[in-house]
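In what follows, a structure is listed as structure tokens, so that the remarks can point back to it.
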Amino acid sequence: MAEFSNFNNYNVLIGKNNSGKSNLFKIFRMLKENYQNGTFSSRYIYENNTNVEASIVLSFKLTESFRREFLYKLYLGNYLNNAFLSSEGLEGYLKNDEWQDKNVAIQWLIDQGYYSKINIKISYNNVIKNILISQVSTKHREIEEEQILLRAILTDNINQTLVSDISKLNVKGKTIHYFFTDFPQMNNGSVSSSLRNFFNNLLIFSKHPILSILMELIKNEFFDIIFLIPDNRKFKKDSDRNNISSTILEPNGQNLAKFIHMKKVTNQDKWLLDFNQELHEYFPDIITMGQMVDQKDKTFLTFKERDIDFDLRLENMGEGILNLVHFLAYIKELKEDKILFIEEPELHLHPGLEKKLRDKFINISNKIQIFITTHSSEFLPDSNDGCSVYLLKKENHQSTVNQIPEDKYEEIYRNLDMDINKYRLQKSLIYNEDFWIKFIGK
Numbered sequence: 475m476a477e478f479s480n481f482n483n484y485n486v487l488i489g490k491n492n493s494g495k496s497n498l499f500k501i502f503r504m505l506k507e508n509y510q511n512g513t514f515s516s517r518y519i520y521e522n523n524t525n526v527e528a529s530i531v532l533s534f535k536l537t538e539s540f541r542r543e544f545l546y547k548l549y550l551g552n553y554l555n556n557a558f559l560s561s562e563g564l565e566g567y568l569k570n571d572e573w574q575d576k577n578v579a580i581q582w583l584i585d586q587g588y589y590s591k592i593n594i595k596i597s598y599n600n601v602i603k604n605i606l607i608s609q610v611s612t613k614h615r616e617i618e619e620e621q622i623l624l625r626a627i628l629t630d631n632i633n634q635t636l637v638s639d640i641s642k643l644n645v646k647g648k649t650i651h652y653f654f655t656d657f658p659q660m661n662n663g664s665v666s667s668s669l670r671n672f673f674n675n676l677l678i679f680s681k682h683p684i685l686s687i688l689m690e691l692i693k694n695e696f697f698d699i700i701f702l703i704p705d706n707r708k709f710k711k712d713s714d715r716n717n718i719s720s721t722i723l724e725p726n727g728q729n730l731a732k733f734i735h736m737k738k739v740t741n742q743d744k745w746l747l748d749f750n751q752e753l754h755e756y757f758p759d760i761i762t763m764g765q766m767v768d769q770k771d772k773t774f775l776t777f778k779e780r781d782i783d784f785d786l787r788l789e790n791m792g793e794g795i796l797n798l799v800h801f802l803a804y805i806k807e808l809k810e811d812k813i814l815f816i817e818e819p820e821l822h823l824h825p826g827l828e829k830k831l832r833d834k835f836i837n838i839s840n841k842i843q844i845f846i847t848t849h850s851s852e853f854l855p856d857s858n859d860g861c862s863v864y865l866l867k868k869e870n871h872q873s874t875v876n877q878i879p880e881d882k883y884e885e886i887y888r889n890l891d892m893d894i895n896k897y898r899l900q901k902s903l904i905y906n907e908d909f910w911i912k913f914i915g916k
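Listed below in structure tokens is the structure:
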């Protein structure tokens, strides 16, 4: 089982072909598709075997600010009051006057590590041939075992969603430890047969303050903010102009010409100006990128290059330029606090452009979390500050994942059969201050 952990702002998954580095992208594409339309394709299962049992676990660390707001709601709703009264005389717990001070009580609950993490288990179910949320649990920092909040059971004979019964947690005689560990079950109806059905019906948890708040958080702060750019990017040479004002750039770039045309006809001149200025930083010979409409009412991209008297059309431009144009445009459209996955951004780019693009990814990663898969060492960050690198290998038909710090990049070069001496030379030049002082002095 491959495990990815310690994700950062900028995350690089690197490895040979068939090492499994694209598996993480496949998982998120599967989740996004199922969340959006409720469908599931057997291509996501090994050898399309729909009779297997398979699952993944998503683990989320909850921020202190969210936990504070969350625990405050539980405190005000008196969901913890009976548990507190049963714990008051125990060592390490608050006294009554302290508990009555909401600020002291909330801070104590935070310091105890309650609701530090939430784990969501998503399983393939061979009865319905779809994926579903089979378990939701929470992890409290100072308590070893997880606390189950929801468990879905769907077999040929059973179809039920069990949730923790809050009324049986908040009872006299039961301590706070019990409140944060036990799973008194109550039937909450049939199982939601897809992620789409589950998150479209969160009202079923309206009387369960813990699940309703946590699931709304996962919906808004995870599933709604995932975006993926695939490796099979296509750039059509022209496009129709139907419904032009509502055009959204496709992840694979196929409607790039139509998208740029939309920016022009909707008078987004400032967007186009800023975009061309940024594009010029990558391709100094390109003066402007624009668009025109032909006699068949089709729009197409044009590029004006320095020292050339005529405009070049999209089909006359290299794939490297089009890929980079697509990346810049797609990123420019994303709002902050999104998650962007890009498969093999190095396709058709030379090493110099790869490094520039890497720097772009790192610079924006404090606003948009970036994940890439690559074969290219040019996308490795120069330091691990805000960055994580994962080397994937295939061993005994299983993918293994190793997080690699910056000072261990030689392992990556060896695994990819790259020139280790080139890496050592680059590293020695980067950190050789005397060399650069002399170089600049010349």
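Here the sequence shown is numbered in the working numbering, starting from 475 and rising by one per residue. Note that beta-carbon positions come from the ideal geometry of N, C-alpha and C, so glycine has one too.
For this session: State the beta-bridge partners of R787 as determined by DSSP.
Result: Position 313 of the sequence shown, counting from 1, holds the residue named residue 787. Partner(s): T776.
For this session: Taking K591 as part of the beta strand (DSSP E), name the residues at either end of that continuous run.
Result: Translated into positions along the sequence shown, residue 591 becomes position 117. From DSSP, the beta strand (DSSP E) with K591 extends over 591-599.
Exercise. CA-CA distance, I607 and D585?
Worked result: Numbered from 1 along the sequence shown, position 133 holds the residue referred to as residue 607. Numbered from 1 along the sequence shown, position 111 holds the residue referred to as residue 585. Taking the straight line from one Cα to the other gives about 30 Å.
Exercise. Apart from the five residues on each side of it in sequence, which residues of its chain come closer than 7 Å, Cβ to Cβ, to G551?
Worked result: Start at 1 with the first residue of the sequence shown, and residue 551 comes out as number 77. So the qualifying residues of the chain are P683.
Problem set entry | R715, DSSP secondary structure in three states | Position 241 of the sequence shown, counted from the start, is the residue given in the question as residue 715. R715: coil per DSSP, three-state reduction.
Exercise. Just how far apart, CA to CA, sit K490 and N522?
Worked result: What you label residue 490 is simply residue 16 of the sequence shown in a count that begins at 1. What you label residue 522 is simply residue 48 of the sequence shown in a count that begins at 1. Approximately 23 Å, taken between the alpha carbons.
Exercise. Can K738 and Q769 be called in contact, C-beta distance under 7 Å?
Worked result: Counting from one through the sequence shown, the residue named residue 738 turns up at place 264. Counting from one through the sequence shown, the residue named residue 769 turns up at place 295. Against a cut-off of 7 Å, the Cβ pair of Q769 and K738 comes out as no contact.
Problem set entry | Given F653 as reference, the closest of M660, L643, N662, I878 once Cα atoms are compared | As a first step, residue 653 is located in the sequence shown; it is residue number 179 there, counting from the start. Checked all of M660, L643, N662, I878; the closest Cα to F653 is L643.
For this session: Express the C-alpha separation of K772 and S479 in angstroms, rounding to a whole number.
Result: Taking the first residue of the sequence shown as 1, we reach residue 479 at position 5. Taking the first residue of the sequence shown as 1, we reach residue 772 at position 298. Straight-line Cα distance between these residues: approximately 47 Å.
For this session: Can you check the stretch 595-677 for any alpha helix (DSSP H) of at least 4 residues that lies completely inside it and give the ranges in chain order?
Result: 640-643, 650-653, 669-674
Exercise. Taking the alpha-carbon positions, what's the N741 to D698 distance?
Worked result: Within the sequence shown, the letter at position 267 stands for residue 741. Within the sequence shown, the letter at position 224 stands for residue 698. Roughly 28 Å separates the two Cα atoms.
Exercise. Whole beta strand (DSSP E) runs in the stretch 482-515 with 3 or more residues, listed along the chain?
Worked result: 484-489
Exercise. If we ignore side chains and look at the alpha-carbon of each, how far apart do L814 and E807 end up?
Worked result: Numbered from 1 along the sequence shown, position 340 holds the residue referred to as residue 814. Numbered from 1 along the sequence shown, position 333 holds the residue referred to as residue 807. So the two alpha carbons sit approximately 12 Å from each other.
For this session: Could you pull out every residue in the same chain whose Cβ sits closer than 7 Å to the Cβ of F481, ignoring the five residues on either side in sequence?
Result: The residue you call residue 481 lines up with position 7 of the sequence shown. Cβ within range, chain order: S862.
Exercise. Quick one: Cα of K693 to Cα of L747, how far?
Worked result: Walking along the sequence shown from the start, residue 693 turns up at place 219. Walking along the sequence shown from the start, residue 747 turns up at place 273. Spanning the two alpha carbons is a distance of roughly 35 Å.
Exercise. What span of residues does the alpha helix (DSSP H) with Q574 cover, start to end?
Worked result: Working through the sequence shown from its first residue, we reach residue 574 at position 100. Start and end: 570-574.
Exercise. Would you report the Cα separation of R832 and F701, rounded to the nearest angstrom?
Worked result: Sequence index remark: in the sequence shown, residue 832 carries index 358 (1-based). Sequence index remark: in the sequence shown, residue 701 carries index 227 (1-based). Roughly 18 Å separates the two Cα atoms.
Problem set entry | Given 8 Å, three or more beta-carbon pairs between the stretch 595-613 and the stretch 623-633 | yes
For this session: Quick one: grab the DSSP three-state call for G764.
Result: For this step, residue 764 is matched to residue 290 along the sequence shown. DSSP places G764 in strand when its eight states are reduced to three.
Problem set entry | Backbone secondary structure at N741 - three-state DSSP | For the purposes of this step, residue 741 is taken as the residue at position 267 of the sequence shown. N741: coil per DSSP, three-state reduction.
Exercise. What number of angstroms, rounded off, separates the C-alpha of I761 from the C-alpha of L796?
Worked result: Stepping through the sequence shown from its first residue, residue 761 is reached at position 287. Stepping through the sequence shown from its first residue, residue 796 is reached at position 322. C-alpha separation (whole angstroms): 15 Å.
Exercise. How should S516 be labelled, buried or exposed, when 16 other C-beta atoms within 10 angstroms of its C-beta is the threshold for buried?
Worked result: Mapped onto the sequence shown, residue 516 falls at position 42. So S516 counts as exposed.
Problem set entry | Beta-carbon spacing of I594, L532 below 7 Å | For this step, residue 594 is matched to residue 120 along the sequence shown. For this step, residue 532 is matched to residue 58 along the sequence shown. Yes, Cβ-Cβ distance for I594 and L532 is below 7 Å.
Exercise. If you draw a straight line from the C-alpha of K603 to the C-alpha of S666, how long is it?
Worked result: Taking the first residue of the sequence shown as 1, we reach residue 603 at position 129. Taking the first residue of the sequence shown as 1, we reach residue 666 at position 192. So the alpha carbons of these two residues sit roughly 13 Å apart.
For this session: With distances taken Cα to Cα, identify the nearest neighbour of N662 among K506, D743, I640.
Result: For this step, residue 662 is matched to residue 188 along the sequence shown. N662 has its Cα closest to that of I640, out of K506, D743, I640.
Exercise. How close, in whole Å, do the beta carbons of N729 and N706 come, if the pair is a contact with beta carbons under 8 Å?
Worked result: For the purposes of this step, residue 729 is identified with residue 255 of the sequence shown, where counting begins at 1. For the purposes of this step, residue 706 is identified with residue 232 of the sequence shown, where counting begins at 1. With a Cβ gap of about 15 Å, N729 and N706 do not count as contacting.
For this session: Check whether the Cβ atoms of K591 and K547 sit closer than 7 Å, and answer yes or no.
Result: For the purposes of this step, residue 591 is identified with residue 117 of the sequence shown, where counting begins at 1. For the purposes of this step, residue 547 is identified with residue 73 of the sequence shown, where counting begins at 1. The answer is no: Cβ separation not under 7 Å.
Exercise. Do you know whose CA, among F679, L545, Y598, lies nearest I501's CA?
Worked result: For this step, residue 501 is matched to residue 27 along the sequence shown. Residue Y598 is the option with its Cα nearest to I501.
Problem set entry | Presumed contact (8 Å Cβ cut-off) between H822 and E793, rounded CB distance | Here residue 822 refers to the residue found at position 348 of the sequence shown. Here residue 793 refers to the residue found at position 319 of the sequence shown. Rounded, the Cβ-Cβ distance is 4 Å, consistent with contact.
Problem set entry | Spatial neighbours of N675 in its chain, beta-carbon cut-off 8 Å, leaving aside the 5 residues before and after | As a first step, residue 675 must be located in the sequence shown, where it is residue number 201. S666.
Exercise. Roughly how many angstroms separate the alpha carbons of F558 and Y518, rounded to a whole number?
Worked result: Within the sequence shown, residue 558 is the residue found at index 84, counting from 1. Within the sequence shown, residue 518 is the residue found at index 44, counting from 1. F558 and Y518: Cα-Cα distance of roughly 47 Å.
For this session: Identify whether K806 lies in helix, strand or coil by the three-state DSSP scheme.
Result: For the purposes of this step, residue 806 is taken as the residue at position 332 of the sequence shown. In this structure, K806 counts as helix in the three-state DSSP scheme.
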